[in-house]
Ligand code: SF4
């Protein structure tokens with residue numbers, strides 16, 4: 132067993148995930164099941180399972196949603212065609228896209244409108260990459276960070292833009308950026324990094340922690356891009372690292388010979404899972420927090436949902452008054468309650 136655990140801070144839920152989980156919680160508390168959700172609301176199996184038990188049906192093809200249904204679009208962002216199909220057929224449609232994903236969508240559209248050949252650095256088939264590329268499919272080429280620019284031949288080398296999936300590893304982005312700047316002197320990039328604050332902070336915390344720990348366990352799901360990036364950051368720093376969904380995934384052999392074990396979590400992983408992992412490790416010399424910054428980002432609930440709840444206020448007020456247990460927090464005071472509480476409400 133470990134003698135000491137270093138717990139990364141920040142870790143786990145980011146502002147976008149907080150907003151999306153709370154938004155879907157509102158939807159399942161206000162509307163009868165089923166509530167349809169296009170793509171997993173966030174990439175975490177435990178969170179998805181809680182919502183499925185609460186009556187959410189996750190779908191990957193928006194055309195399969197019945198006419199007149201209640202629909203939410205996931206935090207990863209959706210293409211214009213998906214948004215328009217959902218808007219046209221749903222009785223209620225709320226887009227829970229993270230504002231930082233929306234920022235990249237705007238950049239894609241702006242660069243395409245200005246005649247750039249856009250290189251989008253991301254992971255093929257990832258929900259966020261699909262939504263971003265769909266903003267201007269004729270102008271965008273997906274660049275896998277592991278393959279780099281080899282397959283790209285721009286029409287005009289003077290009009291190349293380089294944009295990115297928000298959850299990339301900094302090391303993945305930097306390699307492609309360096310190559311692009313070497314090959315295309317005038318390459319255009321976003322003024323503010325496309326890699327989001329949550330991704331960057333979690334990676335930096337893992338880098339610091341890797342200076343002392345010899346093993347890192349990252350809580351998060353297989354399909355979570357930022358979780359996988361944390362594993363690779365630790366391995367790049369020269370330590371062993373494994374992704375786990377929870378304590379049950381820890382193989383005893385992994386722990387042998389490691390006195391100091393780091394623990395972190397991807398941006399969509401519930402902190403209860405992290406705490407269970409720490410309990411399973413039972414470190415003799417306790418747990419030390421390795422904090423690199425205090426995050427205070429907050430994203431309000433989607434405007435369509437806020438509008439909807441206000442419109443339904445008279446109806447829902449009685450059933451969802453703030454003193455009643457088992458309800459989401461007030462729509463205008465949602466800084467006072469978190470996604471963790473929302474999941475607890477759904478699980479109770
Ligand atoms: S990881 Fe970043 S971009 Fe993705 S939901 Fe969280 S804050 Fe938004």
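Residue numbers (our numbering): 132 to 479.
Beta carbons are placed, not taken as given, at the ideal position from N, Cα and C, and that holds for glycine.
**Message:** Only counting the same chain, and skipping five residues up and downstream in sequence, which positions put a Cβ closer than 6 angstroms to that of residue 164?
**Reply:** Residue 164 sits at position 33 when you count from the first residue of the chain shown. Within the same chain, residue 164 has close Cβ partners 186.
**Message:** Among the candidates 303, 314, 306, whose CA atom is the shortest distance from the CA of residue 283?
**Reply:** For this step, residue 283 is matched to residue 152 along the chain shown. The candidate whose alpha carbon is nearest that of residue 283 is 314.
**Message:** Helix, strand or coil, according to DSSP, for residue 149 in the structure here?
**Reply:** Here residue 149 is taken as the residue at index 18 of the chain shown, counted from 1. Helix at residue 149.
**Prompt:** Which partner residues of residue 168 appear in the DSSP bridge assignment?
**Reply:** As a first step, residue 168 is located in the chain shown; it is residue number 37 there, counting from the start. Paired residue(s): 189, 203.
**Request:** Determine the closest residue to residue 154 out of 244, 439, 222, 478, with distance taken between C-alpha atoms.
**Result:** Position 23 of the chain shown, counted from the start, is the residue given in the question as residue 154. Of the candidates 244, 439, 222, 478, the one whose C-alpha sits nearest the C-alpha of residue 154 is 439.
**Request:** Within the same chain, show all residues whose beta-carbon is closer than 7 angstroms to that of residue 454, passing over the 5 residues directly before and after it, in chain order.
**Result:** Counting from one through the chain shown, the residue named residue 454 turns up at place 323. With a pLDDT of 48 at residue 454, under the threshold of 50, the modelled position of that residue is not reliable, and no figure is offered here.
**Asked** Can you pull the DSSP bridge partners for residue 419?
**Response** Residue numbering aside, residue 419 sits at position 288 when the chain shown is read from its first letter. Its beta-bridge partners are 137.
**Prompt:** Got a sec: does the ligand SF4 put a non-hydrogen atom nearer than 7 angstroms to the Cβ of residue 357?
**Reply:** In the chain shown, residue 357 corresponds to position 226, counting from 1. Residue 357 Cβ: within cutoff of the ligand SF4.
**Message:** For a test of the three-state rule: what should DSSP assign to residue 316, helix, strand or coil?
**Reply:** The residue you call residue 316 lines up with position 185 of the chain shown. It is coil, neither helix nor strand.
**Asked** So does residue 139 have its beta carbon nearer than 7 angstroms to some heavy atom of the ligand SF4?
**Response** By one-based count along the chain shown, residue 139 stands at place 8. No, the beta carbon of residue 139 sits no closer than 7 angstroms to any heavy atom of the ligand SF4.
**Asked** If you draw a straight line from the alpha carbon of residue 471 to that of residue 248, how long is it in whole angstroms?
**Response** Taking the chain shown and counting its residues from 1, one reaches residue 471 at position 340. Taking the chain shown and counting its residues from 1, one reaches residue 248 at position 117. Using only the alpha carbons, I get a separation of about 41 angstroms.
**Asked** Between the Cα of residue 483 and the Cα atoms of 254, 242, 328, which residue gives the shortest distance?
**Response** Past the edges of the chain, shown from 132 to 479, lies residue 483, and the structure says nothing about it.
**Request:** Under the assumption that residue 483 contacts residue 250 (Cβ atoms under 8 angstroms), give the Cβ distance between them as a whole number of angstroms.
**Result:** Absent from the structure is residue 483, since the part of the chain shown begins at 132 and ends at 479.
**Message:** Closer than 6 angstroms between the C-beta and any heavy atom of the ligand SF4: which residues qualify, listed along the chain?
**Reply:** 145, 146, 147, 148, 206, 229, 231, 232, 297, 298, 327, 329, 330, 357, 398
**Backbone CA spacing between residue 319 and residue 310 [nearest angstrom]** = Within the chain shown, numbered from 1, the residue matching residue 319 stands at position 188. Within the chain shown, numbered from 1, the residue matching residue 310 stands at position 179. About 13 angstroms.
**Prompt:** What are the boundary residues of the alpha helix (DSSP H) that residue 328 is part of?
**Reply:** For the purposes of this step, residue 328 is identified with residue 197 of the chain shown, where counting begins at 1. That run of the alpha helix (DSSP H) goes 328 to 340.
**Item:** Integer Cβ distance of residue 394 from residue 138, believed to fall under 8 angstroms
**Value:** Start at 1 with the first residue of the chain shown, and residue 394 comes out as number 263. Start at 1 with the first residue of the chain shown, and residue 138 comes out as number 7. At roughly 5 angstroms, the Cβ-Cβ gap stays under 8 angstroms, so residue 394 and residue 138 are in contact.
**Asked** Is the beta carbon of residue 330 less than 8 angstroms from the beta carbon of residue 372?
**Response** One-based indexing of the chain shown puts residue 330 at position 199. One-based indexing of the chain shown puts residue 372 at position 241. Cβ distance not < 8 angstroms, so residue 330 and residue 372 don't count as in contact.
**Message:** Going by DSSP in three states, residue 395 sits in which element: helix, strand or coil?
**Reply:** In the chain shown, residue 395 corresponds to position 264, counting from 1. In this structure, residue 395 counts as strand in the three-state DSSP scheme.
**Exposed unless 16 or more other CB atoms sit within 10 angstroms - verdict on residue 237** = Taking the first residue of the chain shown as 1, we reach residue 237 at position 106. Exposed: under 16 other Cβ atoms inside 10 Å.
**Asked** Within this structure, are the beta carbons of residue 162 and residue 196 separated by less than 8 angstroms?
**Response** As a first step, residue 162 must be located in the chain shown, where it is residue number 31. As a first step, residue 196 must be located in the chain shown, where it is residue number 65. No, the Cβ-Cβ distance between residue 162 and residue 196 is not below 8 angstroms.
**Message:** Just verifying my parser: in three-state terms, what is the DSSP assignment at residue 271?
**Reply:** Translated into positions along the chain shown, residue 271 becomes position 140. If DSSP states are grouped into helix, strand and coil, residue 271 belongs with the strands.
**Request:** Kindly list the residues whose CB is nearer than 6 angstroms to the CB of residue 258, restricted to its own chain and excluding five residues on each side of it in sequence; keep chain order.
**Result:** Indexing the chain shown from 1 puts residue 258 at position 127. Correct list, in chain order: 170, 207.
**Request:** Would you kindly report the start and end of the unbroken alpha helix (DSSP H) that includes residue 226?
**Result:** Here the question's residue 226 lines up with position 95 in the chain shown. Unbroken run through residue 226 is the beta strand (DSSP E), 223 to 226; no alpha helix (DSSP H).
**Request:** Enumerate in chain order the residues of its own chain whose CB-to-CB distance from residue 203 is below 6 angstroms, with the five nearest sequence positions on each side excluded.
**Result:** As a working note, residue 203 is residue 72 in the chain shown. 155, 158, 168, 225, 227, listed in sequence order.
**Request:** Examine the Cβ distances between the stretch 425 to 434 and the stretch 375 to 390 and report whether three or more of them are shorter than 8 angstroms.
**Result:** no
**Request:** Return the residue from the list 363, 321, 355 that minimises the CA-CA distance to residue 338.
**Result:** Indexing the chain shown from 1 puts residue 338 at position 207. Here the closest residue by C-alpha is 363.
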